[in-house]
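Quick mapping for you: the protein sequence lines, in order, are chains A and B. Under our numbering, the first sequence has 335 at position 335, and the numbering climbs by one with no breaks. Under our numbering, the second sequence has 138 at position 138, and the numbering climbs by one with no breaks. Even glycine gets a Cβ: it sits at the ideal position worked out from N, Cα and C. Following: one structure in structure tokens, then a few remarks.
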Amino acid sequence: MSLRMGTAIVGAAETDAVGIIPDKSAIQLHADAAFNALADAGITKYDVDGVLCAGQSPVQVAEYLGITPKFVDGTSVGGCSYMLHVRHASAAIKAGLCSVALITHGESGRSRVGMAGWSRASQALGAQFEEPYGVAGPPTRFTVPILRHMHEYGTTHEQLASVAVATRQWAMQNPRAMMRDPITIADVLNSRMIAYPVHLLECCLVTDGGGALVVVSAERAKDFPKKPVYVLGTGESTEHSMISMMHDFTESRAFKVSGAQAFAEAKVAHKDIDHAMFYDAFAHTPMFALEALGFVGKGEGGPFFAEMRTAPGGDFPLNTNGGGLSYTHTGMYGMFAIQESVRQLRGEAAAQLPDVRISIAHGVGGMFHAAGTLILTNDEKA
Amino acid sequence: MPKRPIPQATPETAEFWDGARRGELRIQRCRACAKAYFFPRPFCPNCSSKDVEWFTASGKGTLYSYVINYRAAYGFDDMTPYAIAVVQLEEGPRMMTNIVGVEPKPENLPIDLPVEVTWEQLDDKITLPLFRPAGGAR
Numbered sequence: 001m002s003l004r005m006g007t008a009i010v011g012a013a014e015t016d017a018v019g020i021i022p023d024k025s026a027i028q029l030h031a032d033a034a035f036n037a038l039a040d041a042g043i044t045k046y047d048v049d050g051v052l053c054a055g056q057s058p059v060q061v062a063e064y065l066g067i068t069p070k071f072v073d074g075t076s077v078g079g080c081s082y083m084l085h086v087r088h089a090s091a092a093i094k095a096g097l098c099s100v101a102l103i104t105h106g107e108s109g110r111s112r113v114g115m116a117g118w119s120r121a122s123q124a125l126g127a128q129f130e131e132p133y134g135v136a137g138p139p140t141r142f143t144v145p146i147l148r149h150m151h152e153y154g155t156t157h158e159q160l161a162s163v164a165v166a167t168r169q170w171a172m173q174n175p176r177a178m179m180r181d182p183i184t185i186a187d188v189l190n191s192r193m194i195a196y197p198v199h200l201l202e203c204c205l206v207t208d209g210g211g212a213l214v215v216v217s218a219e220r221a222k223d224f225p226k227k228p229v230y231v232l233g234t235g236e237s238t239e240h241s242m243i244s245m246m247h248d249f250t251e252s253r254a255f256k257v258s259g260a261q262a263f264a265e266a267k268v269a270h271k272d273i274d275h276a277m278f279y280d281a282f283a284h285t286p287m288f289a290l291e292a293l294g295f296v297g298k299g300e301g302g303p304f305f306a307e308m309r310t311a312p313g314g315d316f317p318l319n320t321n322g323g324g325l326s327y328t329h330t331g332m333y334g335m336f337a338i339q340e341s342v343r344q345l346r347g348e349a350a351a352q353l354p355d356v357r358i359s360i361a362h363g364v365g366g367m368f369h370a371a372g373t374l375i376l377t378n379d380e381k382a
Numbered sequence: 001m002p003k004r005p006i007p008q009a010t011p012e013t014a015e016f017w018d019g020a021r022r023g024e025l026r027i028q029r030c031r032a033c034a035k036a037y038f039f040p041r042p043f044c045p046n047c048s049s050k051d052v053e054w055f056t057a058s059g060k061g062t063l064y065s066y067v068i069n070y071r072a073a074y075g076f077d078d079m080t081p082y083a084i085a086v087v088q089l090e091e092g093p094r095m096m097t098n099i100v101g102v103e104p105k106p107e108n109l110p111i112d113l114p115v116e117v118t119w120e121q122l123d124d125k126i127t128l129p130l131f132r133p134a135g136g137a138r
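Here it is as structure tokens:
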């Protein structure tokens, strides 16, 4: 069974603000995003029979909104969970398990209002085999593979810095982006060292915000007010829970498996992709995605970014909202990557590209722990 | 001074931590497919065979990749900056560790540097395997 063109995103919205929102709890950010997405689709909660979310439990979100669902999915594999939710919602709709799926994200990543604590059991595998060595969150775990990639392929500090520079150029066109001052490669390399080889400006932001999506069958999609965004191809995978167990530090197995599924289902070629959103938790993450998804050969990501091909005016527009590096990053940023793909396909983006027909949104979960890929289109004949 | 986190063994990992207390790097090998593996499990992650055995690794390996962390984890203020590394053991498996016995600077830590295990006792139960450049401190 293929999910190709079986469903469409008919509602998509973020919270009114993204950035620093100290007066809202995480669950309220879910709700704000949900109401905005439902309004965008021209429906109410009474039309919703499927609830999917990560971070908070779908039990809590359904309770908070007052929805009694017939289908729930709390798949929580990190920031790409929402790519998986679109995939799972599409499968559920195709199987008749629900008809209107609401996918919500809300996270008080910066203000930490109503968030679960950081602690975990000291018997957890990560607590036994990684935390004793002084890992301090994603900047010390997600980043451990980088030097291996640099060693094997000659990837340079300047090439990595160019990812942040190109992404900032997109953010400068987006009034909602948190970071909008121009930066140079020298600025990136002179910014504070967080965990060598990673500088501050190569790390994503830490913000508050939310986003939500409404997914229905492709047959019903044209009954909604906005231009439908059809689900053309989907993929997902996982690899490890500890970065030290990543099979090859120069490529993500989860990215490769997820991306290959999405391209096979979509039946499109790489050259058909007009716009890309690759989750940028750090500067190297989109570089790994570019290679693992097959847009360039292995080890060719560094020069590709250094040529500024992903920046405004380049031939591979990437992370056009300003990305996790410069737009916003609540913690599980994948929802915002999908939102920008939808905006570009609808013609509603702040930095709108001409003639976007097919967009890819590829997310990472945890520290290369998981992956989810969506290939989306506005072309009902695709 | 906040205390650094101390791991707690589970039944499946106890032999690793018992060995560490004695200064032995205990890892596992599958008798069916002959592959050595880490982290501990009572079955082979490669072929699912339950015919597996513990053995003492040589403690020799190479530096596979690392970061030098400048933002202290809880309890690590006195040690910052420090190298969080993944070493490749000569038997094949990789594990996370710290590189000690050398200033944590990129020029001292070339990728594939030969390293050897050294031990740091945290308390009565837990001793950590750390690694240093092979041949002792520089």
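Residue i: beta carbon under 6 Å from a heavy atom of the ligand ATP?
i, result
"Thr62 (chain B)", "Questions concerning the ligand ATP fall outside what the structure shown contains, since it holds no ligand whatsoever."
Here's a check: name, in chain order, each residue in its chain whose Cβ is nearer than 6 Å to the Cβ of residue i, leaving out the five neighbours to either side.
i, result
"Thr184 (chain A)", "none"
"Glu152 (chain A)", "Thr250"
"Phe16 (chain B)", "Arg26, Pro40"
"Asn108 (chain B)", "Val102"
"Thr155 (chain A)", "His149, Gly302"
"Val59 (chain A)", "none"
"Val77 (chain A)", "Gly365, Ala370"
"Arg29 (chain B)", "Ala36, Glu53, Phe55"
Identify, in the order they occur along the chain, each residue of the same chain with its Cβ nearer than 8 Å to the Cβ of residue i, setting aside the five sequence neighbours on each side.
i, result
"Ser341 (chain A)", "Val229, His275, Met277, Ser359, Ile360, Ala361, Leu374, Leu376"
"Ile43 (chain A)", "Gly11, Val100, Val214, Phe224"
Mind reading off the beta-carbon distance from residue i to residue j? Whole number of angstroms is fine, and I expect it under 8 Å.
i, j, result
"Phe368 (chain A)", "Glu239 (chain A)", "6 Å"
"Ile6 (chain B)", "Asp78 (chain B)", "That belief does not hold up - the Cβ atoms of Ile6 (chain B) and Asp78 (chain B) are roughly 16 Å apart, past 8 Å."
"Gly365 (chain A)", "Ser81 (chain A)", "6 Å"
"Tyr70 (chain B)", "Ile99 (chain B)", "About 15 Å; that fails the 8 Å criterion."
"Cys98 (chain A)", "Asp49 (chain A)", "5 Å"
"Thr80 (chain B)", "Phe131 (chain B)", "That belief does not hold up - the Cβ atoms of Thr80 (chain B) and Phe131 (chain B) are roughly 18 Å apart, past 8 Å."
"Leu232 (chain A)", "Ala91 (chain A)", "Wrong, their Cβ atoms sit about 15 Å apart, outside the cutoff."
Going by beta carbon distance, what residues of the same chain come within less than 7 Å of residue i, once the five residues before and after it are set aside?
i, result
"Ala292 (chain A)", "Glu251, Ser252, Phe255, Lys256, Gly259"
"Cys203 (chain A)", "Pro139, Ile194, Phe282"
"Lys222 (chain A)", "Pro228"
"Ala9 (chain B)", "Trp17"
"Arg357 (chain A)", "Asp274, Thr377, Asn378, Asp379"
"His88 (chain A)", "Leu52, Asp73, Thr75"
Does DSSP classify residue i as helix, strand or coil?
i, result
"Phe43 (chain B)", "coil"
"Lys94 (chain A)", "helix"
"Gln121 (chain B)", "strand"
"Leu102 (chain A)", "strand"
"Gly211 (chain A)", "strand"
"Arg138 (chain B)", "Any answer about Arg138 (chain B) is weak, because its pLDDT of 46 lies below 50 and its placement is not dependable; what the coordinates show is given next. Coil, per DSSP."
"Asp187 (chain A)", "helix"
"Pro81 (chain B)", "coil"
"Asn174 (chain A)", "coil"
"Phe263 (chain A)", "helix"
"Phe288 (chain A)", "helix"
"Leu25 (chain B)", "coil"
"Val231 (chain A)", "strand"
"Gly297 (chain A)", "coil"
"Gln88 (chain B)", "strand"
"Lys256 (chain A)", "helix"
"Met39 (chain A)", "Residue 39 (chain A) is actually Ala in this sequence, not Met. Three-state result, Ala39 (chain A): helix."
"Pro58 (chain A)", "helix"
"Pro129 (chain B)", "strand"
"Ser162 (chain A)", "helix"
Using a 10 Å radius around the Cβ and a threshold of 16 neighbouring Cβ atoms, would you call residue i buried or exposed?
i, result
"Glu107 (chain A)", "buried"
"Gly26 (chain B)", "Note on identity: in this sequence residue 26 (chain B) is Arg, with Gly being the wrong assignment. Classification of Arg26 (chain B): buried, given that the 10 Å Cβ count is 16 or more."
"Thr285 (chain A)", "buried"
"Met1 (chain A)", "exposed"
"Lys70 (chain A)", "exposed"
"Arg138 (chain B)", "Note that Arg138 (chain B) has pLDDT 46, beneath the 50 cutoff, so the model's placement of it is unreliable and the number below is only indicative. It counts as exposed."
"Ala32 (chain B)", "exposed"
"Gln352 (chain A)", "exposed"
"His247 (chain A)", "exposed"
"Gln121 (chain B)", "exposed"
"Lys24 (chain A)", "buried"
"Gly322 (chain A)", "buried"
query = Residues in the region 238-267 of chain A with C-beta within 9 Å of chain B's C-beta atoms, listed in sequence order?
reply = Met242, Ile243, Ser244, Met245, Met246, Phe249
message = Against chain A, which members of the region 84-107 of chain B pass a CB distance test of less than 7 Å?
response = Ile84, Val86, Arg94, Met95, Met96, Thr97, Asn98, Pro106
message = By the 9 Å beta-carbon criterion, what residues does the region 133-146 of chain A contribute toward chain B?
response = Tyr133, Gly134, Val135, Ala136, Gly137, Pro139, Thr140, Arg141, Thr143, Val144, Pro145, Ile146
request  = Can you give me, in chain order, the residues of the region 195-225 of chain A that have a beta carbon less than 8 Å from any beta carbon in chain B?
outcome  = If the cut-off is 8 Å between Cβ atoms, the region 195-225 of chain A has Ala195, Tyr196, Pro197, Val198 near chain B.
query = Taking a cut of 9 Å between CB atoms, which residues from the region 153-176 of chain A lie near chain B?
reply = If the cut-off is 9 Å between Cβ atoms, the region 153-176 of chain A has nothing near chain B.
inquiry  = Under 7 Å, CB to CB, which of the residues in the region 115-130 of chain A have a partner in chain B?
reply    = Ser122, Gln123, Leu125, Ala127, Gln128, Phe129, Glu130
message = Which residues of the region 119-131 of chain B have a Cβ closer than 9 Å to any Cβ of chain A? Give them in chain order.
response = Leu122, Ile126, Leu128, Leu130
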